[in-house]
Every structure is written in C-alpha cells, then in structure tokens.
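Here the structure comes first, spelled out in structure tokens, and everything after it is commentary.
Numbering (the working numbering), first residue to last: 902 to 1274.
What follows is the structure in structure tokens.
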C-alpha cells in the first residue's frame, strides 16, 4: 500500500502559484513568480505544515506591499465562493490556511478590518485561528461577535463558539470573560445546525475543565428546558463527566444510584498474546422493584511500562432494566475488545484489569494477562 502524502507536502509549487495568482487578480503589482520563488527558498524542506503556511502568509504580505486595510480588502476580494455545506472547512483543501495566518500576523492593528476579514474567510474556510489575536488584544471584540449568533451562515455562527474556545486544538490558550462567553453560547444552544452545536459542546467541555461546578449548573438549567438540540449539546459537552461517573451529571440524564448486581464476569481467554481479542461476558440483575435506566461502561486497566495501571473507559450500552422478579430483570452482556498495539496506546505484557461500571459505580472486576510477542 502506498504511503499517504504528508500534510506538510500539501503546498506544492502549483498550489502556491495558484494562491499567488488569486492575489494578483486584486493586486496587479503582485509578482506571482517572485512570490513562489521566495516561498520555496531558505530551508523550505525543513519546515512543518504550519511553518510553511506562515512562510506563504509572510511572502503574500511582502508581495502585496499595501497598508493593512487595503491588503485585507484585496484578500477578501480574492476569496472563492462560499462553502455550500457544513463540515466543509478542510474538505476543499488548505489553500486558504495562509490567509488566516496573514490576518492573525499582520492585521491586529485594525480591529474593524480584521473582524470583517475573519467574517468573510470563515464562510469559505475557517477563521477560528485568525480571530484569536483580535479577541486577546481588544476587550470589545467579544461584544462585536454578538450579532453573529443570528447570522444566516452556519459557518459564521460556529466561529462565535469555535474562535472563542479557551483550549482550541493547535492554538494558544485564550482567557476570555466566562460570563460574556456563556451569554454567546446560550444564544446558540438551540441552533439547528449540528455543526454549530458540536462546537458549542466542545467549548463547554473546555470550560468545564477549568470550572466544572459552574458549567454543570448551567447545563442542568439548559437540559431542563426539554429542547432536543440543547439536550444534544449538554450530553456531548458532559461526555467526560459521564465517562468518569459524575453522579450529578448522570442525574441530569436520569441515571440514579444503581440497584443492581453484576455477576458471572469472565474474560475469554484469560491469557492471550498481544494482538488477539478478548471477549467479556457478564450479567446485570435488578435488585429494585421498579425499572431502572442504566448506563453500562467497561473500564480496562492497561498496564504501563512502569507497571502502573492506566484506566480507559469504553462506552458499552444504555438500557432500561426491568423490575426485580420480572423476565426483564436480568441482562446478559457480551463485548469483544481487540488487544492490539495502537499509535495512541502501547500494550505491555502482564496483568490487566476489567471493571464493569454501572451509572458511575464500579460493581465487578476481574483480571486477564497479556503475553509478550
């Protein structure tokens, strides 16, 4: 199988020349050939993808040789058509990534022109990185985003949430007033676009890492509204709390203290080489006179190189278990798990554990052994 091309190799001479030609349509004095030559000089082969994008942005800025506002106007005028679908930010390629780098690097002195450029860029690509220096430099910038929550373009509405995330991947941390941010997110909590709602949920997940108590309180109120779109946000935002068995968050979704027993927990085989599969079997039996809503998770304790155990939670099933002494009072469960090496988790020989967690409570555990290969 041929090796997939590296992301850093996206900016070929053809792609870079195309970017230059796009700018030249708006800035006749721009020299595409000189721009392309300068981009590929001075150690291009050693640069990462982000460094290459920044190099292109730097050479665009130099080649345009314009003040900030006319430069951004030319940049915006050179943009392609708006995206027709959600989730298309990266599907059409990375040609516009240097545009965001240029805005972030050279336009922060002009808040109005900078925000307008971000507004237009996000409708074609994304401006979640480009907008962050403006939010960090200008306290009033956050207020300027308020009208965008009602924009007809879902990419603009998403930018309100994604661009203000405190822990946006690939970006520096951003410390904005939580009250103002929550006001913006609250206005997006019923958004019809899953693309927007996913961003809102991820943002709330970020905020919960710094102030869990406050965010859970907010989401309790939102969930009580009984709106399907909002309920989706709350559940996705609280996914880590649910995995960790937070009783307060479990209660939001109707998962009470479980009155069940977990029996007949087996790992088959109990000893196996790395690379094979295990099959878990167990029974969950009701000890309550009424039906119960259950969230069943499987926690695998992976042995690390130093002998300590690192738990990994696997979502298994959600179900309604019948009342005690009824035919639906017992649920037999089976789950296969692959014990293979992954780029995100290295396996080591030795004893490992399996724990069955029901509504946040660890109710049964057993061990199995991995053999070296």
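For each residue, glycine too, the CB sits at the ideal point set by N, CA and C.
Consult DSSP for residue i and reduce its assignment to one of helix, strand or coil.
{"i": "residue 969", "result": "helix"}
{"i": "residue 907", "result": "coil"}
{"i": "residue 881", "result": "Since the first and last residues shown for the chain are 902 and 1274, residue 881 lies out of range."}
{"i": "residue 1108", "result": "helix"}
{"i": "residue 1140", "result": "helix"}
{"i": "residue 1243", "result": "strand"}
{"i": "residue 1128", "result": "coil"}
{"i": "residue 1069", "result": "coil"}
{"i": "residue 1189", "result": "coil"}
Quick one: residues in its chain with C-beta nearer than 6 angstroms to the C-beta of residue i, no 5 flanking neighbours on either side, listed in chain order?
{"i": "residue 1212", "result": "1200, 1202"}
{"i": "residue 998", "result": "954"}
{"i": "residue 1252", "result": "1268, 1270"}
{"i": "residue 1066", "result": "1104, 1107"}
{"i": "residue 1054", "result": "1024"}
{"i": "residue 1241", "result": "1176"}
Between which two residues does the alpha helix (DSSP H) harbouring residue i extend?
{"i": "residue 1175", "result": "Segment: none, residue 1175 is in no alpha helix (DSSP H) and carries neither H nor E."}
{"i": "residue 1114", "result": "1113 to 1124"}
{"i": "residue 1169", "result": "Premise fails: residue 1169 lies in the beta strand (DSSP E), 1161 to 1169, not in any alpha helix (DSSP H)."}
{"i": "residue 1022", "result": "1012 to 1023"}
{"i": "residue 996", "result": "Run containing residue 996: none; DSSP gives neither H nor E here."}
{"i": "residue 1062", "result": "1055 to 1063"}
{"i": "residue 928", "result": "Segment: none, residue 928 is in no alpha helix (DSSP H) and carries neither H nor E."}
{"i": "residue 934", "result": "933 to 941"}
{"i": "residue 1151", "result": "1148 to 1153"}
So if DSSP puts residue i in a beta bridge, which residue, or which two residues, is it bridged to?
{"i": "residue 863", "result": "Since the displayed the chain opens at 902 and closes at 1274, residue 863 lies outside it and no answer follows."}
{"i": "residue 1234", "result": "1183"}
{"i": "residue 1194", "result": "1221"}
{"i": "residue 1252", "result": "1270"}
{"i": "residue 1204", "result": "1210"}
Go through its chain and collect everything with a Cβ distance to residue i's Cβ below 7 angstroms, but skip five positions before and after it.
{"i": "residue 918", "result": "933, 937"}
{"i": "residue 1194", "result": "1155, 1156, 1221"}
Would residue i pass as a contact of residue j if the rule is Cβ separation under 9 angstroms?
{"i": "residue 994", "j": "residue 1028", "result": "no"}
{"i": "residue 1056", "j": "residue 1096", "result": "yes"}
{"i": "residue 1138", "j": "residue 1116", "result": "yes"}
{"i": "residue 1087", "j": "residue 1123", "result": "yes"}
{"i": "residue 1121", "j": "residue 1090", "result": "no"}
{"i": "residue 1165", "j": "residue 1197", "result": "no"}
{"i": "residue 1142", "j": "residue 1109", "result": "yes"}
{"i": "residue 1068", "j": "residue 1094", "result": "no"}
Within the continuous beta strand (DSSP E) that includes residue i, where are the two ends?
{"i": "residue 1214", "result": "1210 to 1222"}
Using a Cβ-Cβ cutoff of less than 8 angstroms, which residues in the same chain neighbour residue i once the five nearest sequence positions on both sides are dropped?
{"i": "residue 973", "result": "1004, 1008, 1011, 1014, 1015, 1017, 1018"}
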